[in-house]
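Peer 1: Please read through the structure below; I'll follow up with questions.
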Amino acid sequence: MSQIKEFINQGSTFAMSGKFRLAEIEYLKALQLEPDNLIVLSNLMKVRLVQKRFDGALTYYQRLIQLEPHNIDTIVEALLLAEMRCIWDESEKLISSLRRALDELPSFNTESFLMTLPHTFQDLYEWTKKRTLGDTKLQEILSQKSFDHSKHKVGKKIKVGYFITELGPFPCGLVMRSFLENHNHEDFEWHCFCFKDLSQEKGDWQKSLIEQEVKCFDYFHDMSNMVDEKQIAQKIYDEKIDIIIDVNMLGNKKWRALAYKPAPVVVGFLGVASTTGLPYYDYLIGDKETIPENQRQYFNEKIMDMPFCYHPADGELDKITMRVAKQDLMLPENKVIYCSFVTPFKITPKYFDMWCRILKAVPESVLWLRSREDAEEDNLRREAMKRGISPDRIIFLVGIDNRALFLSCFKLADLSLDTEIWQSHSTCLESLGCGVPLLTCTGDSFCSRVPTAMLKAFGLPEMVCENMQEYEEKAIDLGLHPEKLRALKIKTRALNTPHNPLFDMKQYAYHFEDNLKKMLHEKGLR
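Per the numbering used here: the sequence shown = residues 18 to 543.
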């Protein structure tokens, strides 16, 4: 065995036993012998990550990218790391590297999440098409004969299957419960094909939520141990499903199973605000605000519109009654509290610049963010100081996994500030449900237009801005005029009634089911 292999093996042994510093020493020995060894660089990157030494991990990512400039997965992993930790100097470089690779490659094979990259409707359409062409496993499935539906007949009840991973305390699961509870069981038979091992979920609240959601289905199929895509498809086909609804789309690792066309109608819904770029999806649930008519050429699916907003909501957000004091959260009394509780990767330097200008214009106001790691807190405070903002004006809501407690904290904010590129979706619903108005700027992609649809459906169209200048001016004006902000918060709370179009899941379910019937009619199945 060569010496470099000995160092790699010894490093791996240390890493598996949790001795990451010792593992790193062994990998560095190997790197001295072969500076461009991809395995060694990858292993060094991983041990740095597990130790939360993110800057060091990015150093090795950058070297890997130099050696393999068209490795999409490596660039996306590095970009997500830089964005999640708010290491913006690196993220800007990585965005350039990723765009260059996506433009130069005629096709590529990746499981990576491309939507964090700045994009338009057309960009994402072209990237998903290239991804489809480059996916050899998918192309192999598509070359095979799909299931035969020529003799398929819809029975007295329409059989609908949800193809899903996110039941329980996850974004899709959280917003779907109220919707699922309002399904019509007289005309429909509801199936759930679930790929998440629900037995692993911990916590009474989480388990209770899962139990509530499972009860919404007539039949629940535990698919968590199924690996083979053909077997998964066969199971769906055997149940004689009329419409299969893919909730997570490319976010579900088993998404290729639907390439076998196990149901005569395949629908994309909710999980990823994008076209799939896949030829076997018939429909996508959307609305005219998030997907304008002049952009529908960039979807391979036919868009079925919901009348207000395509995104379902938790209809019980306003019932959270836990009491939380500002002083317990280090929040100031009688000062303007701007907040943005999105995940850190959504915060961009351009918007953070603007937020800091808003803080400068509104004396003693604070910016309240949600934190998961010390590293991102340190980086954001450092970025604030670069922009002339005292770090004590950036406050973090830390380590709150209890949803009721989080929402109770949310109610203490005065105004939510939306992000760009990938904007607030479930966070926008939480904000409005907690009586906190949200300010957004309409973008040029599906995912950047969702809050616009939500705010208009809810009854706050004045909070939708056409550009960043309007957004900034409105945030400052509200901050400098407390009476306007109070009136806006009162209006937000008053709008949140059981019959508000954004939160009325009984009406939402009715329109959703009407769309399903239209699909069957268009396909000549009913």
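All C-beta atoms in this analysis are idealised placements derived from N, C-alpha and C, irrespective of residue type, glycine included.
Is the beta carbon of I261 sitting closer than 9 Å to the one on V231?
Peer 2: Mapped onto the sequence shown, residue 261 falls at position 244. Mapped onto the sequence shown, residue 231 falls at position 214. No.
Peer 1: Ordered along the chain, which non-local residues of its own chain (more than five positions away) have a Cβ less than 6 Å from that of R543?
Peer 2: Residue numbering aside, residue 543 sits at position 526 when the sequence shown is read from its first letter. Answer for R543: V171 and L537, listed in chain order.
Peer 1: For H15, name the three-state secondary structure that DSSP assigns.
Peer 2: Here the chain comprises residues numbered 18 to 543, so residue 15 is not present and cannot be evaluated.
Peer 1: Leaving out five residues before and five after H528 in sequence, what residues of the same chain have Cβ atoms less than 6 Å from its Cβ?
Peer 2: Locating residue 528 in the sequence shown gives position 511, where the first residue counts as 1. Once the five neighbours on either side are set aside, the close Cβ partners of H528 are M323 and P324.
Peer 1: Going by alpha carbons, who is nearest to Q486 out of P515, I158, M371 and I25?
Peer 2: Taking the sequence shown and counting its residues from 1, the one referred to as residue 486 is at position 469. The shortest C-alpha separation from Q486 is found at M371.
Peer 1: Kindly indicate which residue of I320, L150, A421 and P188 has the alpha-carbon position closest to the one of N265.
Peer 2: Locating residue 265 in the sequence shown gives position 248, where the first residue counts as 1. Considering only alpha carbons, the answer is P188.
Peer 1: Going by DSSP in three states, V192 sits in which element: helix, strand or coil?
Peer 2: Numbered from 1 along the sequence shown, position 175 holds the residue referred to as residue 192. The answer is helix: DSSP assigns V192 an H, G or I state.
Peer 1: What does a CB cutoff of less than 6 Å around L81 pick up in its chain, not counting 5 residues either side in sequence?
Peer 2: Locating residue 81 in the sequence shown gives position 64, counting from the first residue. So the qualifying residues of the chain are L58 and T91.
Peer 1: Can you tell me whether DSSP reads C356 as helix, strand or coil?
Peer 2: Here residue 356 corresponds to residue number 339 of the sequence shown, with the count starting at 1. Reduced to three states, the DSSP call for C356 is strand.
Peer 1: Tell whether a beta-carbon distance below 9 Å holds between R420 and W222.
Peer 2: As a first step, residue 420 must be located in the sequence shown, where it is residue number 403. As a first step, residue 222 must be located in the sequence shown, where it is residue number 205. Yes, the Cβ-Cβ distance between R420 and W222 is below 9 Å.
Peer 1: Among L449, K46, A47 and P135, which residue has its Cα nearest to the Cα of L434?
Peer 2: On the sequence shown, residue 434 is found 417 positions in, with the first residue counted as 1. The residue with the shortest Cα to Cα distance from L434 is L449.
Peer 1: Quick check: A274 and I253, are their CB atoms within less than 9 Å of each other?
Peer 2: Stepping through the sequence shown from its first residue, residue 274 is reached at position 257. Stepping through the sequence shown from its first residue, residue 253 is reached at position 236. Against a cut-off of 9 Å, the Cβ pair of I253 and A274 comes out as a contact.
Peer 1: Ignoring anything shorter than 3 residues or poking outside the region 269-348, list the beta strand (DSSP E) runs there in chain order.
Peer 2: For the region 269-348, whole beta strand (DSSP E) runs of length 3 or above, ordered along the chain, are 282-285, 300-303 and 319-322.
Peer 1: Quick one, which of L446, N317, S19 and F463 has its alpha-carbon nearest E51's?
Peer 2: By one-based count along the sequence shown, residue 51 stands at place 34. Nearest option by C-alpha distance: S19.
Peer 1: Looking only at its chain, what residues have a beta carbon closer than 7 Å to the beta carbon of A15, apart from the 5 residues adjacent to it on each side?
Peer 2: Outside the displayed span of the chain (18 to 543) sits residue 15, for which this structure offers no information.
Peer 1: Whole angstroms is fine: what's the gap from F558's alpha carbon to E500's?
Peer 2: What is shown of the chain runs 18 to 543, which leaves residue 558 out entirely.
Peer 1: Looking only at its chain, what residues have a beta carbon closer than 7 Å to the beta carbon of Q312, apart from the 5 residues adjacent to it on each side?
Peer 2: Your numbering for residue 312 matches position 295 in the sequence shown. Once the five neighbours on either side are set aside, the close Cβ partners of Q312 are F138.
Peer 1: Excluding sequence positions up to five away, which residues of its chain have a Cβ less than 8 Å from the Cβ of D304?
Peer 2: As a position in the sequence shown, residue 304 is number 287, starting the count at 1. Within the same chain, D304 has close Cβ partners D322, M323, P324, F325, C326, Y327 and A470.
Peer 1: Within a Cβ cutoff of 7 Å, which residues of the same chain sit near A32, ignoring the five residues on either side of it in sequence?
Peer 2: Counting from 1 along the sequence shown, the entry for residue 32 is found at position 15. Only A40 and V64 meet the Cβ criterion.
Peer 1: With a cut-off of 8 Å, do at least 3 Cβ pairs link the region 157-174 to the region 496-510?
Peer 2: Too few Cβ pairs lie closer than 8 Å, so no.
Peer 1: Residues in the same chain with beta-carbon distance under 6 Å from L472, minus the five sequence neighbours each way, listed in chain order, please.
Peer 2: Taking the first residue of the sequence shown as 1, we reach residue 472 at position 455. Answer for L472: M480 and V481, listed in chain order.
Peer 1: Ordered along the chain, which non-local residues of its own chain (more than five positions away) have a Cβ less than 6 Å from that of L358?
Peer 2: Here residue 358 is taken as the residue at index 341 of the sequence shown, counted from 1. It should be pointed out that residue 358 corresponds to Phe in this sequence rather than to Leu. Result list for F358: R387 and T444, in chain order.
Peer 1: Give the straight-line distance between the Cα atoms of A74 and Q27, rounded to the nearest whole angstrom.
Peer 2: Looking up residue 74 in the sequence shown gives position 57. Looking up residue 27 in the sequence shown gives position 10. Taking the straight line joining both Cα atoms gives about 20 Å.
Peer 1: Anyone know if the C-beta pair for G178 and A250 falls short of 9 Å?
Peer 2: For the purposes of this step, residue 178 is taken as the residue at position 161 of the sequence shown. For the purposes of this step, residue 250 is taken as the residue at position 233 of the sequence shown. In this structure, A250 does not lie closer than 9 Å to G178 by Cβ.
Peer 1: So, with DSSP's three-state summary, where would you put K473?
Peer 2: On the sequence shown, position 456 is the one that residue 473 refers to. Helix, per DSSP.
Peer 1: Secondary structure at S34, three-state DSSP: helix, strand or coil?
Peer 2: As a working note, residue 34 is residue 17 in the sequence shown. In this structure, S34 counts as coil in the three-state DSSP scheme.
Peer 1: My output table needs one value for C464: the three-state DSSP class, helix, strand or coil.
Peer 2: What you label residue 464 is simply residue 447 of the sequence shown in a count that begins at 1. Reduced to three states, the DSSP call for C464 is coil.
Peer 1: Beta-carbon within less than 6 Å of T293's beta-carbon, same chain only, minus the 5 sequence neighbours each way: which residues are those?
Peer 2: The residue you call residue 293 lines up with position 276 of the sequence shown. If we look at T293 and ignore the five residues flanking it on each side, its Cβ neighbours are M266 and G285.
Peer 1: Around the Cβ of Y236, are there at least 16 other Cβ atoms within 10 angstroms (buried) or fewer (exposed)?
Peer 2: On the sequence shown, residue 236 is found 219 positions in, with the first residue counted as 1. By the 10 Å Cβ count, Y236 comes out exposed.
Peer 1: State the Cα-Cα distance for the pair Q229 and F210, rounded to the nearest angstrom.
Peer 2: What you label residue 229 is simply residue 212 of the sequence shown in a count that begins at 1. What you label residue 210 is simply residue 193 of the sequence shown in a count that begins at 1. Each residue's alpha carbon lies about 16 Å from the other.
Peer 1: Go ahead and pull the three-state DSSP assignment for G172.
Peer 2: The residue labelled residue 172 in the question sits at position 155 within the sequence shown. The answer is coil: DSSP assigns G172 none of H, G, I, E or B.
Peer 1: Measure the alpha-carbon distance for R510 versus T133 and round it to whole angstroms.
Peer 2: If you number the sequence shown from 1, residue 510 lands on position 493. If you number the sequence shown from 1, residue 133 lands on position 116. If you take the alpha carbons of R510 and T133, they lie about 32 Å apart.
Peer 1: Please identify the residue among L477, G151, S29 and R399 whose C-alpha is closest to the C-alpha of H87.
Peer 2: The residue given as residue 87 occupies position 70 in the sequence shown. Selected option, being the one with the closest Cα: G151.
Peer 1: From the DSSP secondary-structure annotation, give me the bridge partner or partners of G178.
Peer 2: What you label residue 178 is simply residue 161 of the sequence shown in a count that begins at 1. DSSP output for G178 lists H208 and I261 as bridge partner(s).
Peer 1: Taking only the alpha-carbon atoms, compute the straight-line gap between N351 and N484 and give it to the nearest angstrom.
Peer 2: Numbered from 1 along the sequence shown, position 334 holds the residue referred to as residue 351. Numbered from 1 along the sequence shown, position 467 holds the residue referred to as residue 484. Computed Cα separation, rounded: 29 Å.
Peer 1: So, at 7 Å on beta carbons, what are the nonlocal neighbours of F369 in its own chain, with the 5 sequence-adjacent residues on each side left out?
Peer 2: What you label residue 369 is simply residue 352 of the sequence shown in a count that begins at 1. Hits under 7 Å: E400.
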